[in-house]
Amino acid sequence: IIGYASKSIAAGGWVHTHNLEMGRLFDEERSVERVVPPPDPTPIGDRYFLGFPRKDGRAGTRNYIVLASTVDCSSRVVELAVEELDRKRDWIRRRYANVDGVVGLTHDSGCGLVALSKGHLRQNMTMRNLLAHPNVGASVVVQLGCEKSRAQVVFGEERVTPLDRSIRTAPDEGRIACLTIQESSGTWETVERITEYVERVLLPAADKRRRTLLPASDLVVALQCGGSDAASGVSANPAVGYAADLLVRCGASPFISETTETFGVEHLFARRATSIQIAKRYLDFANDYRAYLAGGGGTPQNNLSFGNLERGLTTIAEKSLGSIAKAGSTALRWVVDYGERITSPGLGFMNGPAFDPVSATGQTAGGAQVGVFSTGSGSCFGGILAPWIKVVGTTETYDRMVDMEINAGRILDAAASIEAVGREIFEAVLAAASGAATYSEKVGYAVVNIWNSGAVT
2 IIGYASKSIA AGGWVHTHNL EMGRLFDEER SVERVVPPPD PTPIGDRYFL
52 GFPRKDGRAG TRNYIVLAST VDCSSRVVEL AVEELDRKRD WIRRRYANVD
102 GVVGLTHDSG CGLVALSKGH LRQNMTMRNL LAHPNVGASV VVQLGCEKSR
152 AQVVFGEERV TPLDRSIRTA PDEGRIACLT IQESSGTWET VERITEYVER
202 VLLPAADKRR RTLLPASDLV VALQCGGSDA ASGVSANPAV GYAADLLVRC
252 GASPFISETT ETFGVEHLFA RRATSIQIAK RYLDFANDYR AYLAGGGGTP
302 QNNLSFGNLE RGLTTIAEKS LGSIAKAGST ALRWVVDYGE RITSPGLGFM
352 NGPAFDPVSA TGQTAGGAQV GVFSTGSGSC FGGILAPWIK VVGTTETYDR
402 MVDMEINAGR ILDAAASIEA VGREIFEAVL AAASGAATYS EKVGYAVVNI
452 WNSGAVT
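If you read the sequence shown in this note's numbering, its first letter stands for residue 2, the second for the next number, and so on.
What follows is the structure, encoded as structure tokens:
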């Protein structure tokens, strides 16, 4: 069911917002009494990628040095330090060839939230997991010094190493080097100390990492969609779903997010869970999200954008049917909250908004080392720390937008099958995991936006 007719529709008539509405689909809380998980697929055991092994057993697909701000008040210092290091980009690339770059991880909060509230704890966890991401080879945290999200609160007092000029080695894995602006004579002194530390300590340390042949089972792959249209759910998303099935067969962990883009089809997705407990956790997130929307004066239908409606989608239920096609056909094996670290193999789900920068930031914090982004109308999106491969649903958009990498529109053109394009996406994931640069990486997109769901004081 994608909705209910709001007026009589003649046979062969156009069905869209003028004669179709969500009706009672708005009000139904979903539950499941039994699950019917699909059978386990045939394993694939001989696929590999070239990645960076970590001491904690995870694998990186990139080797970044990250300069991170704990609060909006320290973001500009981080941006200035990145700008200073960017002026030496060519020298850094030649001298430290195993380092993929220096990136700034900034956000617009870190204070103002009710201290230690659910929203504050979620924000802190997201920052903590982003800094511990397997694609981070080295990092330094910059704080103002008086914020609620001080490094000692986010990471724990015992893990924070205050940074001074006497430190000549990078902290051990699991510890965080931290500079405090209020103790460093202000902006430019802090910028100079950051750049000096990066050049003298972090670059040589990160450059020691080497790519090694690793099994595809080490991959955690985020599946995301944006700029959806009527073609997305019948070309791009099913092809991504076939690639997800291949990843599951390899023992990897592909997963979808975007809770609002499962509205109207929750019962179908929950039924695929391997246990009632997993199904219930997903449904609890979905039902809680409906209440969250209502508290802000919204409904599930508000998820649809102008472009979604203009290009043929009518209700959120219709959009959701296309959205969950990215999840392929295997069993739902795990469910996590926004930004939680992913530790289980197989297909999974992460609770979170559908707004692409926020959703993808949570997926990256969960540990995704590669992302696959499907679109219909087109998108320029690229997230921080991980490469994002863009799959487009129509040949028209593929020809019009240079940002697109894989043309699933060939399915609608009868020039390729869903399976063929899905295999192409799967191979592109392994290539990106091995270091092949995506378009958004080449252009320099590195969007980060942490879900700010808490009350601000």
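From the three backbone atoms N, C-alpha and C, an ideal C-beta is built for every residue, glycine too. Computed from a predicted model, the values in this text were never measured in an experiment.
| Asked | Found |
| --- | --- |
| Is the Cβ-Cβ distance between Ala271 and Tyr283 less than 8 angstroms? | yes |
| With respect to the beta strand (DSSP E) encompassing Met351, which residues constitute its N-terminal and C-terminal limits? | Leu348 to Met351 |
| Thinking C-beta only, is Ala245 closer than 8 angstroms to Lys149? | no |
| Let me confirm a value: Leu214 is counted as buried when at least 16 other C-beta atoms fall within 10 Å, else exposed. Which label applies? | exposed |
| Does DSSP classify Trp15 as helix, strand or coil? | coil |
| Just the Cα atoms here: how many angstroms apart are Thr365 and Arg273? | 24 angstroms |
| Inspect the beta-carbon positions of Tyr339 and Gly363 and report whether they are closer than 8 angstroms. | yes |
| Give me, in chain order, the residues of the same chain whose beta-carbon lies closer than 6 angstroms to that of Asn352; leave out the 5 immediate sequence neighbours on both sides. | Thr260, Phe286, Asp338 and Tyr339 |
| Please check the pair Ile317 and Phe264, which I expect to be a contact at CB under 8 angstroms, by giving their CB distance rounded to whole angstroms. | 5 angstroms |
| Mind the definition here: the stretch 119–126 touches the stretch 43–50 only if three or more C-beta pairs lie below 8 angstroms; say whether that holds. | no |
| Does DSSP classify Phe264 as helix, strand or coil? | coil |
| So, are the CB atoms of Ala361 and Ala223 less than 8 angstroms apart? | yes |
| Where DSSP assigns a beta bridge to Lys459, which residues make up the other side? | Shown here, the chain extends from 2 to 458; a query on residue 459 therefore has no answer. |
| Excluding the five sequence neighbours on either side, which residues of its own chain have a C-beta within less than 7 angstroms of the C-beta of Arg239, listed in chain order? | Rather than Arg, the amino acid found at residue 239 in this sequence is Pro. So the qualifying residues of the chain are Ala326 and Ile419. |
| For Trp335, which residues does DSSP report across the bridge? | Gly349 |
| For Tyr446, which three-state DSSP category applies? | coil |
| Going by DSSP in three states, Ser70 sits in which element: helix, strand or coil? | strand |
| Do you know whose CA, among Val249, Phe307 and Val336, lies nearest Pro40's CA? | Val249 |
| Would you grab the beta carbon distance between Asp110 and Asn450 for me? Rounded to a whole angstrom, and I think it's under 8 angstroms. | What sits at residue 110 in the sequence shown is Ser, not Asp. The pair is not a contact, with the Cβ atoms about 10 angstroms apart (cut-off 8 angstroms). |
| According to DSSP, which residues form a beta bridge with Thr213? | Gly52 |
| Let me know the beta strand (DSSP E) ranges lying completely inside the stretch 75–142, each 3 residues or longer, listed in chain order. | 102–106 |
| Grouping DSSP H, G and I as helix and E and B as strand, with all else coil, what is Asn408? | strand |
| Starting from Ser254, follow the beta strand (DSSP E) in both directions and report where the run begins and ends. | Ser254 to Ile257 |
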